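Participant:
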Amino acid sequence: MTSTDLINYAQSLYSAHGDKAEAEAAQKAAAALEQGDHEDAEKWQKIRGHIHSLRGPRAK
182 MTSTDLINYA
192 QSLYSAHGDK
202 AEAEAAQKAA
212 AALEQGDHED
222 AEKWQKIRGH
232 IHSLRGPRAK
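Numbering (this note's numbering), first residue to last: 182 to 241.
1. Using the C-alpha atoms, what's the distance from leucine 235 back to alanine 243?
2. Alpha carbon to alpha carbon, how far is glycine 199 from alanine 210?
3. Would you mind giving the Cβ-Cβ distance between leucine 187 and histidine 233, rounded to the nearest angstrom? I have them listed as a contact below 8 Å.
4. Name the residue from Lys227, Gln192 and Ser196 whose alpha carbon lies nearest to the alpha carbon of glutamine 208.
5. Please classify lysine 201: is it buried, with 16 or more other beta-carbons within 10 angstroms of its beta-carbon, or exposed?
6. Mapping DSSP to helix, strand and coil, what is glycine 237?
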């Protein structure tokens, strides 16, 4: 997945799930790590970071 793809996916996920999207991405990253899929976990962490940026500076 390219950086553009990750950003687009993050925007879609945020549009569909709002503030819950970041938590969903974190859960998917944790599940991937639990299964030993470090590449997928890294992808989800990047998506989570993009979602966090979309939420703005007041987001925790």
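Just so you know, even glycine gets a beta-carbon here, dropped at the ideal spot from N, CA and C.
All of these numbers come straight from a predicted model, not from anything done at the bench.
Facilitator: If we stick to the structure as given:
1. The first residue shown for the chain is 182 and the last is 241, placing residue 243 beyond what the model contains.
2. 18 Å
3. Not confirmed; about 13 Å, so no contact.
4. Of all alpha-carbon atoms in Lys227, Gln192 and Ser196, the one lying nearest the alpha-carbon of glutamine 208 is that of Lys227.
5. Residue environment: lysine 201 is assigned as exposed (fewer than 16 neighbouring CB atoms within 10 Å of its CB, all protein chains considered).
6. coil
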